[in-house]
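Participant: Using this note's numbering, the first residue of the sequence shown is number 566, and each one after it goes up by one.
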Amino acid sequence: DMVLLFSEGLVRLKNARGEKNSLTWFINFVKTYGNMQPSPFLARLKSAIEKFMQGEPFQQDVTVIAIKNMQSPAVASSDQNAREIETRFLSIEEEIRLLRATKKHPELQPQDLAHALGEPFARFDPERIQYYLGRRDRTRKNGSIKAPNRSKSTQALKRHFQREMLEKFPIRQLLYRKYEFKGNTEAIQKALAHYQNGRFQESLIEFTKARRVIADSDAVYCFFGNLYLLLNMTIKARQEYLKALKINPRCVHAYLSLAYIALLHQDYEATIGYLTTAIRLGEDIQQYERFLHQLVSALEKQNGHPEWLS
Numbered sequence: 566d567m568v569l570l571f572s573e574g575l576v577r578l579k580n581a582r583g584e585k586n587s588l589t590w591f592i593n594f595v596k597t598y599g600n601m602q603p604s605p606f607l608a609r610l611k612s613a614i615e616k617f618m619q620g621e622p623f624q625q626d627v628t629v630i631a632i633k634n635m636q637s638p639a640v641a642s643s644d645q646n647a648r649e650i651e652t653r654f655l656s657i658e659e660e661i662r663l664l665r666a667t668k669k670h671p672e673l674q675p676q677d678l679a680h681a682l683g684e685p686f687a688r689f690d691p692e693r694i695q696y697y698l699g700r701r702d703r704t705r706k707n708g709s710i711k712a713p714n715r716s717k718s719t720q721a722l723k724r725h726f727q728r729e730m731l732e733k734f735p736i737r738q739l740l741y742r743k744y745e746f747k748g749n750t751e752a753i754q755k756a757l758a759h760y761q762n763g764r765f766q767e768s769l770i771e772f773t774k775a776r777r778v779i780a781d782s783d784a785v786y787c788f789f790g791n792l793y794l795l796l797n798m799t800i801k802a803r804q805e806y807l808k809a810l811k812i813n814p815r816c817v818h819a820y821l822s823l824a825y826i827a828l829l830h831q832d833y834e835a836t837i838g839y840l841t842t843a844i845r846l847g848e849d850i851q852q853y854e855r856f857l858h859q860l861v862s863a864l865e866k867q868n869g870h871p872e873w874l875s
């Protein structure tokens, strides 16, 4: 009664305890809740996945589409909607064909490869083709033994590449904002004064004392995330942004900040994932969309050097 389309990332999730999701788990979930309507089914699935991941961000693309015919046979359209959704994904056979062609013609860029193969590849934009090629590279690296030492030149190039991307990332608009808290106490006013004067360590000390009187919200968690990030405490900052997403899963500020933290750690896959989500949810963030295209384009230019996507 319900058609489910899902990316393989759904059945390859791994949480902080090292537990892995599986196709068997998903099949059992469908057997239990498959009688629900699409919206509540997807909401329950999302909740189950978040519980399994324990607040950790997804390292793979997790996409699930549920289709159910809600119209009477007389009104229902043909399989046009199903065809429209089908055109957005590659079948297993098509993906294998793409990977074989990549191996045979490593000199071709993603858009040239897609054009040479024709349909259905020609309808995909370069970013989507790069996703499949990047997943191939990640799978190959995860299953192979890494060399104990990489050349100094490669490391230097990677550091230079990262510095260039960090310089282009519009981070100032996220970090340097003017904040105010309703019902300011003397302690909060003192903490804000330190913050606005660039004394971030003193500000953190004062805010830590007063935090118990500040109501939790996604904006508050993002503020503390910014404060930790300004102090180069990226692990603490990441925890605050994840707390913001628990309260508001559509918090664009949190996704953009997490993208920057991933970039600091040279996790370009996570950077692209967070930016893509933020762009889908946010408005008037064209500068981040431009940066995403710059990053993807720069990574594509290094397609002949697998180390760049590690």
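Built from N, CA and C at the ideal position, the CB exists for glycine as well.
#1: Quick one: residues in its chain with C-beta nearer than 6 angstroms to the C-beta of GLN831, no 5 flanking neighbours on either side, listed in chain order?
#2: If I measure Cβ to Cβ from MET601 and keep anything under 6 angstroms in the same chain, skipping five residues before and after, which residues do I get?
#3: DSSP has LYS579 in a bridge; who is on the other side?
#4: By how many angstroms is the C-alpha of ASN586 removed from the C-alpha of GLY847?
#5: Leaving out five residues on either side along the sequence, give the residues of the same chain with a beta carbon under 8 angstroms from the beta carbon of PHE594.
#6: Please classify PHE789: does DSSP put it in a helix, a strand, or coil?
#7: By alpha-carbon positions, which one of HIS725, LYS669, GLN624 ends up nearest to GLY574?
#8: Alpha carbons only, please: which of THR628, TRP590, MET730 is nearest the one belonging to SER862?
#9: Starting from MET567, trace the beta strand (DSSP E) in both directions and tell me its first and last residue.
#10: When DSSP labels each residue in this structure, what does VAL861 get in the three-state scheme?
#11: Using only alpha-carbon positions, find the residue among GLU615, ILE592, GLY599, THR589 that is nearest to LYS811.
#12: Alpha carbon to alpha carbon, how far is LEU823 from HIS670?
#13: Compute the Euclidean distance between the alpha carbons of LYS757 and ARG855, then round it to the nearest angstrom.
#14: State the Cα-Cα distance for the pair TYR618 and SER604, rounded to the nearest angstrom.
#15: From the DSSP output, which residues share a beta bridge with ILE630?
#16: Where does ALA809 sit, in a helix, a strand or coil, going by DSSP?
#17: Around the C-beta of ILE837, are 16 or more other C-beta atoms found within 10 angstroms, so that it is buried, or is it exposed?
#18: Tell me the rounded alpha-carbon separation between GLY869 and LEU857.
#19: When you compare only the Cα positions, how much space is there between ARG577 and GLU584?
#20: Taking 9 angstroms as the threshold (C-beta atoms), are LEU828 and TYR853 in contact?
Facilitator: For this structure:
#1: As a working note, residue 831 is residue 266 in the sequence shown. Hits under 6 angstroms: GLN727.
#2: Here residue 601 refers to the residue found at position 36 when the sequence shown is read from its first residue. Nothing listed; no residue qualifies.
#3: Within the sequence shown, the letter at position 14 stands for residue 579. LYS585, per the DSSP bridge assignment.
#4: Taking the first residue of the sequence shown as position 1, residue 847 is located at position 282. Taking the first residue of the sequence shown as position 1, residue 586 is located at position 21. In a straight line, the C-alpha of GLY847 is about 30 angstroms away from that of ASN586.
#5: Within the sequence shown, the letter at position 29 stands for residue 594. Taken in chain order, the residues that qualify are LEU610, ALA613.
#6: Within the sequence shown, the letter at position 224 stands for residue 789. In the structure shown, PHE789 sits in a helix (DSSP, three-state: H, G or I).
#7: As a first step, residue 574 must be located in the sequence shown, where it is residue number 9. Minimum Cα distance to GLY574 is reached at GLN624.
#8: Translated into the one-based positions of the sequence shown, residue 862 becomes position 297. With distances taken between Cα atoms, SER862 lies closest to MET730.
#9: Residue mapping note: residue 567 aligns to position 2 of the sequence shown, counting from 1. Note, MET567: beta strand (DSSP E), 567–571.
#10: Counting from one through the sequence shown, the residue named residue 861 turns up at place 296. VAL861: helix per DSSP, three-state reduction.
#11: For the purposes of this step, residue 811 is taken as residue 246 along the sequence shown, with counting starting at 1. It is GLU615 whose Cα lies nearest to the Cα of LYS811.
#12: As a position in the sequence shown, residue 823 is number 258, starting the count at 1. As a position in the sequence shown, residue 670 is number 105, starting the count at 1. Going by the C-alpha atoms only, they are around 35 angstroms apart.
#13: Here the question's residue 757 lines up with position 192 in the sequence shown. Here the question's residue 855 lines up with position 290 in the sequence shown. Going by the sequence as given, residue 757 is Leu instead of Lys. About 33 angstroms.
#14: Along the sequence shown, one-based indexing puts residue 618 at 53. Along the sequence shown, one-based indexing puts residue 604 at 39. In the sequence on display, residue 618 carries Met and not Tyr. MET618 and SER604: Cα-Cα distance of roughly 21 angstroms.
#15: Counting from 1 along the sequence shown, the entry for residue 630 is found at position 65. DSSP lists LEU570 as partners of ILE630.
#16: The residue you call residue 809 lines up with position 244 of the sequence shown. Note: ALA809 maps to helix in three-state DSSP.
#17: Residue 837 sits at position 272 when you count from the first residue of the sequence shown. Burial call: buried.
#18: Here residue 869 refers to the residue found at position 304 of the sequence shown. Here residue 857 refers to the residue found at position 292 of the sequence shown. A caution first: GLY869 carries a pLDDT of 47, below 50, which makes its placement in the model too unreliable to give a value.
#19: Position 12 of the sequence shown, counted from the first residue, corresponds to residue 577. Position 19 of the sequence shown, counted from the first residue, corresponds to residue 584. Cα to Cα, ARG577 sits roughly 10 angstroms from GLU584.
#20: Residue mapping note: residue 853 aligns to position 288 of the sequence shown, counting from 1. Residue mapping note: residue 828 aligns to position 263 of the sequence shown, counting from 1. No, they are not a contact pair.
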